[in-house]
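Colleague: Sharing a structure below in structure tokens format, with a few things to ask.
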Amino acid sequence: MTFDFATPIDRRQPQGGAWPSQKWHRYGDDVLPLWVADMDFCSPPQVIDALQARVEHGVYGYGVVPASLKDALCQWSATHYDYVIEPSWQHWLPGVVPALHLASLAFTEPGDGVLTVTPIYPPFLQVASRTGRLAQQAALRAPDAGDDGWSLDLEALEAAITDKTRLLLWCQPHNPTGRVWRSAELAGLAELAQRHDLIVVSDELHCDLLLDEGARHVPLAVAFPELGERLMTLWAPSKTFNLAGLTAACAVISNPKLRKRFAATAKGLMPDCNVMGLVAAEAAYRHGDPWRQALLEVLRDHRQALVERVAQWPGVRLAAPQSTYLAWLDLRESRLGGQGSPAAALLETAGVALSDGADFGWPGFVRLNFGTTAAQLEKALERLDEALG
Ligand SMILES: Cc1ncc(COP(=O)(O)O)c(C=O)c1O
65 MTFDFATPID RRQPQGGAWP SQKWHRYGDD VLPLWVADMD FCSPPQVIDA
115 LQARVEHGVY GYGVVPASLK DALCQWSATH YDYVIEPSWQ HWLPGVVPAL
165 HLASLAFTEP GDGVLTVTPI YPPFLQVASR TGRLAQQAAL RAPDAGDDGW
215 SLDLEALEAA ITDKTRLLLW CQPHNPTGRV WRSAELAGLA ELAQRHDLIV
265 VSDELHCDLL LDEGARHVPL AVAFPELGER LMTLWAPSKT FNLAGLTAAC
315 AVISNPKLRK RFAATAKGLM PDCNVMGLVA AEAAYRHGDP WRQALLEVLR
365 DHRQALVERV AQWPGVRLAA PQSTYLAWLD LRESRLGGQG SPAAALLETA
415 GVALSDGADF GWPGFVRLNF GTTAAQLEKA LERLDEALG
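Everything in the sequence shown is counted per the working numbering, starting at 65 for the first residue and increasing by one.
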């Protein structure tokens with residue numbers, strides 16, 4: 065089966081503009097949006113078929129997470145990550161970000177420390193303050209010339225831990241750097257979590273998009289089974305199959321005590337999952353893999369095109385992402401360095417919308433989303449050539 069990742073799809077005026085998207089509607093019509101993390105591609109055909117069948121049913125009352133969906137995720141996990149999970153470990157909810165906040169409420173007390181690393185997907189940085197906890201952060205180590213990318217600074221991480229620290233919000237593969245962490249880094253992290261008695265939330269949302277040929281995701285739970293009693297893993301089909309607007313995600317919690325606390329905290333705060341999201345999730349996990357494989361080839365090509373282009377922009381640095389469709393560009397030494405926000409400058413001068421590194425805790429950087437058609441990416445790169453070349 066072939067899939068079309070090349071034909072541009074109108075996301076600006078679908079149904080005469082009645083279906084606006086965050087990505088395409090935040091900025092003016094002349095701006096090319098390569099910011100928020102969704103892709104400009106249709107979801108797998110089987111997902112669309114399953115949704116159409118569900119729409120045809122015509123009744124959209126309260127649903128229940130189907131046992132068949134839980135089974136599909138068990139199978140996906142065993143097949144792709146060698147992680148055998150039980151249906152009962154799964155707590156489906158309408159998003160990964162809500163799960164991060166619930167984890168803070170469920171597993172810590174007011175004033176406790178919630179630790180994460182920077183740069184990081186911005187909501188991680190808000191969880192502590194939004195839940196009345198203490199925000200704690202440790203910076204990652206930026207690549208040096210000759211390095212093969214961003215690395216976890218275990219000393220900095222340990223230095224950020226205090227006797228208040230209870231929860232570590234972790235992200236693998238990592239948004240925004242696209243890093244797939246090395247096993248020695250993860251071993252150090254696991255050891256710290258054990259020694260300091262931390263609960264770990266491992267956001268593995270991007271784990272189905274490992275870009276290097278033959279690369280396989282290893283969940284934290286598989287690499288370090290000893291963490292199982294203090295671990296919650298977060299997955300969703302949303303990034304992989306481009307379903308973010310259907311809001312379905314899953315917290316996988318093997319420890320029944322943590323699971324119970326999480327479920328009790330969710331009560332009354334968290335709505336049930338969208339019935340459409342559940343249908344889409346099951347179809348994606350059951351039938352979406354050929355589409356995902358085809359997507360990975362496209363993303364690999366886009367990564368290559370981007371890396372070649374960035375090499376021509378003086379002072380711009382990029383450690384090629386190993387996963388997902390996000391690239392984290394260091395513009396501190398570029399033509400735009402030292403001028404406030406490079407993202408704002410690029411929006412203004414090039415008409416390209418990127419995510420501002422400051423929101424991820426690292427000003428001077430931008431995050432570029434290459435999950436779009438080759439034609440759209442090329443158009444944006446031509447504009448960036450003008451501004452950065
Ligand atoms: C690491 C990570 N976690 C969570 C999210 C958001 O997940 P959700 O839309 O399910 O809340 C994103 C979105 O880009 C992400 O990159």
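Idealized CB from N, CA, C, for every residue including glycine.
Would you report the Cα separation of A70 and L291, rounded to the nearest angstrom?
Modeller: In the sequence shown, the residue the question calls residue 70 occupies position 6. In the sequence shown, the residue the question calls residue 291 occupies position 227. Looking at the backbone, the Cα of A70 and that of L291 are separated by about 42 Å.
Colleague: Give a single yes or no on whether D267 has its beta carbon closer than 7 Å to a heavy atom of ligand 1.
Modeller: Translated into positions along the sequence shown, residue 267 becomes position 203. Yes, Cβ of D267 sits closer than 7 Å to a heavy atom of ligand 1.
Colleague: What is the DSSP secondary structure of G177, counted as helix, strand or coil?
Modeller: In the sequence shown, the residue the question calls residue 177 occupies position 113. Strand, per DSSP.
Colleague: Can the beta-carbon of G352 be found less than 8 Å from the beta-carbon of A312?
Modeller: On the sequence shown, position 288 is the one that residue 352 refers to. On the sequence shown, position 248 is the one that residue 312 refers to. It is not a contact, given that the beta carbons lie outside the stated cut-off.
Colleague: Where does C271 fall in DSSP's three states?
Modeller: In the sequence shown, counting from the first residue as 1, residue 271 sits at position 207. Reduced to three states, the DSSP call for C271 is coil.
Colleague: Go through its chain and collect everything with a Cβ distance to G252's Cβ below 6 Å, but skip five positions before and after it.
Modeller: Translated into positions along the sequence shown, residue 252 becomes position 188. For G252, where only same-chain residues beyond five positions count, the Cβ hits under 6 Å are L218.
Colleague: Which residue's Cα is closest to the Cα of T180: G213, S152, F171 and W234?
Modeller: Translated into positions along the sequence shown, residue 180 becomes position 116. Among G213, S152, F171 and W234, the Cα nearest to that of T180 is on W234.
Colleague: Given 7 Å as the limit, tell me if S168 has its C-beta closer than that to any heavy atom belonging to ligand 1.
Modeller: Residue 168 sits at position 104 when you count from the first residue of the sequence shown. Because no heavy atom of ligand 1 lies under 7 Å away, the Cβ of S168 does not count as near it: no.
Colleague: Under 8 Å, do C337 and W83 count as touching if we go by C-beta distance?
Modeller: As a position in the sequence shown, residue 337 is number 273, starting the count at 1. As a position in the sequence shown, residue 83 is number 19, starting the count at 1. The Cβ atoms of C337 and W83 lie no closer than 8 Å to each other.
Colleague: Does the region 223-239 come close enough to the region 249-267 that 3 or more CB-CB pairs lie under 8 Å?
Modeller: yes
Colleague: Under 7 Å: does the beta carbon of H62 sit that close to some heavy atom of ligand 1?
Modeller: Outside the shown range of the chain, which is 65 to 453, sits residue 62, and nothing can be said about it.
Colleague: Can A422 and S405 be called in contact, C-beta distance under 8 Å?
Modeller: Residue numbering aside, residue 422 sits at position 358 when the sequence shown is read from its first letter. Residue numbering aside, residue 405 sits at position 341 when the sequence shown is read from its first letter. Yes. Within cutoff.
Colleague: Going by beta-carbon coordinates alone, are S141 and L275 separated by less than 8 Å?
Modeller: The sequence position of residue 141 within the sequence shown is 77, counting from 1. The sequence position of residue 275 within the sequence shown is 211, counting from 1. Not in contact: S141 and L275 (Cβ atoms no closer than 8 Å).
Colleague: Does the beta carbon of C138 fall short of 7 Å from some heavy atom of ligand 1?
Modeller: Here residue 138 corresponds to residue number 74 of the sequence shown, with the count starting at 1. No, the Cβ of C138 stays beyond 7 Å of every heavy atom of ligand 1.
Colleague: In the DSSP assignment, find the alpha helix (DSSP H) that holds L164 and state where it starts and stops.
Modeller: Taking the first residue of the sequence shown as position 1, residue 164 is located at position 100. Where L164 is concerned, the enclosing alpha helix (DSSP H) stretches over V160 to F171.
Colleague: Ligand 1 and G159: does the residue's C-beta get closer than 7 Å to at least one heavy atom of that ligand?
Modeller: Taking the sequence shown and counting its residues from 1, the one referred to as residue 159 is at position 95. Yes.
Colleague: Taking the beta strand (DSSP E) that M296 belongs to, which residues open and close that run?
Modeller: Counting from one through the sequence shown, the residue named residue 296 turns up at place 232. Unbroken beta strand (DSSP E) run through M296: L295 to W299.
Colleague: If we ignore side chains and look at the alpha-carbon of each, how far apart do Q200 and P72 end up?
Modeller: For the purposes of this step, residue 200 is taken as residue 136 along the sequence shown, with counting starting at 1. For the purposes of this step, residue 72 is taken as residue 8 along the sequence shown, with counting starting at 1. Each residue's Cα considered, the two are about 42 Å apart.
Colleague: Please name the residue in P78, Y124, G453 and L96 whose C-alpha comes closest to that of V374.
Modeller: Your numbering for residue 374 matches position 310 in the sequence shown. Comparing Cα-Cα distances from V374 to each of P78, Y124, G453 and L96, the minimum goes to G453.
Colleague: Just the C-alpha distance for V286 and L250, rounded to the nearest angstrom, thanks.
Modeller: By one-based count along the sequence shown, residue 286 stands at place 222. By one-based count along the sequence shown, residue 250 stands at place 186. When rounded, the distance between both Cα atoms is 11 Å.
Colleague: Any chance the CB of Y185 is under 7 Å from a heavy atom of ligand 1?
Modeller: Residue mapping note: residue 185 aligns to position 121 of the sequence shown, counting from 1. Under cutoff, so the answer is yes.
Colleague: On the DSSP bridge list, what partners appear for D394?
Modeller: One-based indexing of the sequence shown puts residue 394 at position 330. The partner list for D394 (beta bridge, DSSP) reads R381 and F429.
Colleague: Sorry if obvious, but does the Cβ on S107 come closer than 7 Å to a heavy atom of ligand 1?
Modeller: Walking along the sequence shown from the start, residue 107 turns up at place 43. Result no, Cβ not under 7 Å from ligand 1.
Colleague: Pull up the distance between the alpha-carbon of L204 and that of W88, whole angstroms please.
Modeller: Counting from one through the sequence shown, the residue named residue 204 turns up at place 140. Counting from one through the sequence shown, the residue named residue 88 turns up at place 24. Straight-line Cα distance between these residues: approximately 31 Å.
Colleague: Using the three-state DSSP reduction, which class does P97 fall into: helix, strand or coil?
Modeller: Walking along the sequence shown from the start, residue 97 turns up at place 33. DSSP places P97 in strand when its eight states are reduced to three.
Colleague: Leaving out the 5 sequence neighbours to the left and right, which residues in its chain are closer than 6 Å to S27 when beta-carbon positions are compared?
Modeller: Look at the range of the chain in this structure, 65 to 453, and you will see that residue 27 is not part of it.
Colleague: Hey, how far is the Cα of V339 from the Cα of V128?
Modeller: Locating residue 339 in the sequence shown gives position 275, where the first residue counts as 1. Locating residue 128 in the sequence shown gives position 64, where the first residue counts as 1. Their Cα atoms are separated by approximately 8 Å.
Colleague: In whole angstroms, what is the alpha-carbon distance linking R399 and G80?
Modeller: Residue 399 sits at position 335 when you count from the first residue of the sequence shown. Residue 80 sits at position 16 when you count from the first residue of the sequence shown. Going from the Cα of R399 to the Cα of G80 covers about 39 Å.
Colleague: If the criterion is Cβ atoms closer than 8 Å, does the pair E344 and A163 meet it?
Modeller: Within the sequence shown, the letter at position 280 stands for residue 344. Within the sequence shown, the letter at position 99 stands for residue 163. The sequence as given places Ala at residue 344; Glu does not occur at that position. The answer is no: Cβ separation not under 8 Å.
Colleague: As a quick exercise: from L198, S168 and Y124, pick the residue whose alpha carbon is nearest that of K228.
Modeller: Your numbering for residue 228 matches position 164 in the sequence shown. K228 has its Cα closest to that of L198, out of L198, S168 and Y124.
Colleague: Whole angstroms is fine: what's the gap from G122's alpha carbon to P335's?
Modeller: Numbered from its first residue, the sequence shown carries residue 122 at position 58. Numbered from its first residue, the sequence shown carries residue 335 at position 271. Between G122 and P335, the C-alpha separation is close to 21 Å.
Colleague: Excluding the five sequence neighbours on either side, which residues of its own chain have a C-beta within less than 6 Å of the C-beta of W299, listed in chain order?
Modeller: For the purposes of this step, residue 299 is identified with residue 235 of the sequence shown, where counting begins at 1. Cβ within range, chain order: E268 and C314.
Colleague: According to DSSP, what are the bridge partners of R205?
Modeller: Locating residue 205 in the sequence shown gives position 141, counting from the first residue. Note: R205 sits in a beta bridge opposite S215.
Colleague: Please list the terminal residues of the continuous beta strand (DSSP E) segment that includes R243.
Modeller: For this step, residue 243 is matched to residue 179 along the sequence shown. In the DSSP assignment, R243 falls outside any beta strand (DSSP E), carrying neither H nor E.
Colleague: DSSP has A313 in a bridge; who is on the other side?
Modeller: Here residue 313 is taken as the residue at index 249 of the sequence shown, counted from 1. For A313, which the question treats as bridged, DSSP gives the partners L157.
Colleague: Using 8 Å as the threshold, is the C-beta distance between R431 and L418 below it?
Modeller: Reading the sequence shown from its first residue, position 367 is the one you call residue 431. Reading the sequence shown from its first residue, position 354 is the one you call residue 418. Yes.
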